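What follows is a set of notes on a single structure, which appears directly below.
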Amino acid sequence: MSGADWTAVIPVKSLSAAKSRLRGAVPDFRHEDLALAMVRDTVAAVRGCAAVGDVLIVTDDPAAVAAALALGARSVPDQPAAGLNAAMRFGADVVAGLGHRRAVLTGDLPALRPAELAEALAAAGPGRSFVADAVGTGTVLLTAAAGTALDPRFGVGSAGAHAASHARPLTGAWPGLRQDVDTADDLRTVAALGVGEHTSALLRDLGLIAECGSSDVAGGPHR
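Listed below in structure tokens is the structure:
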């Protein structure tokens, strides 16, 4: 198969509850703005990937819904309301449907480049494949071929859990795809990689970066 035949699914928590470990990286009153900016940059990068024909956001958050629609994605409520994996299964296997090739991503990939995602999707074979995070223990992308259930295992140690469930690890470098943002150190790392326009604008507005590619984000030493 070729062309824009992938459906990308991105679950988004309520912004008020999102990214609790990241609190303190920016002033508290801008925390939700940061979470939303990262979602926007993730969606924009996925929308820019030539292999993706449809981007589906699973969320109950009104601001995330509005942002998704403004970027050309579509949105559905999180009907299971039973956590990340349930939202992913619902979006990928129920809403998108087993007849499509599906890829689920986390919504905190502000340094993602469309070309990185395209390369990862091209490497995905039959069945299920996954991309581990930069640390190697988490997961940032899980794919399922047409006719294959997604069977997500996101959570602590998800890379090992996905490998144990016979999903195939994809081994490209893809720094922007692999670098999710859970902590202030992660935020520094993506700022150095170069984040998308929404996260960049927010960090510049807060005086935390002069321009994308350099940062002075609070919260510990560079990794």
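Just so you know, we're using our numbering here: the sequence shown kicks off at 590 and counts up by one.
The C-beta atom is built at its ideal place from N, Cα and C for all residues, glycine as well.
Quick caveat: nothing in here was measured; it's all calculated off a predicted structure.
Alpha carbons only, please: which of the options is nearest the one belonging to residue i?
i           : options               : result
residue 783 : 768, 744, 652 and 662 : 768
residue 625 : 703, 657 and 635      : 657
residue 696 : 593, 602, 795 and 793 : 602
residue 727 : 694, 652, 645 and 683 : 694
residue 717 : 739, 703 and 708      : 739
residue 705 : 639, 774, 780 and 733 : 639
residue 631 : 799, 789 and 751      : 789
residue 623 : 729, 653 and 594      : 653
residue 598 : 729, 750 and 655      : 729
residue 607 : 707, 621 and 616      : 621
Give me the DSSP bridge partner(s) of residue i.
i           : result
residue 643 : 596
residue 730 : 694 and 720
residue 758 : 719
residue 610 : Its beta-bridge partners do not exist; DSSP assigns none.
Report yes if the CB atom of residue i is closer than 8 Å to the CB atom of residue j, and no otherwise.
i           : j           : result
residue 629 : residue 787 : yes
residue 761 : residue 634 : no
residue 791 : residue 611 : no
residue 759 : residue 619 : no
residue 766 : residue 701 : yes
residue 715 : residue 731 : no
residue 691 : residue 681 : yes
residue 649 : residue 604 : no
residue 703 : residue 770 : no
residue 799 : residue 614 : no
residue 665 : residue 647 : yes
residue 685 : residue 778 : no
residue 763 : residue 711 : no
residue 725 : residue 748 : yes
Compute the beta-carbon to beta-carbon distance between residue i and residue j, rounded to the nearest angstrom, for a pair I have assumed lies under 8 Å.
i           : j           : result
residue 687 : residue 736 : 6 Å
residue 594 : residue 642 : 6 Å
- Message: Under 8 Å: do the stretch 663-682 and the stretch 715-723 share three or more Cβ pairs, one atom per stretch?
- Response: No: the two stretches stay apart, fewer than three of their Cβ pairs being nearer than 8 Å.
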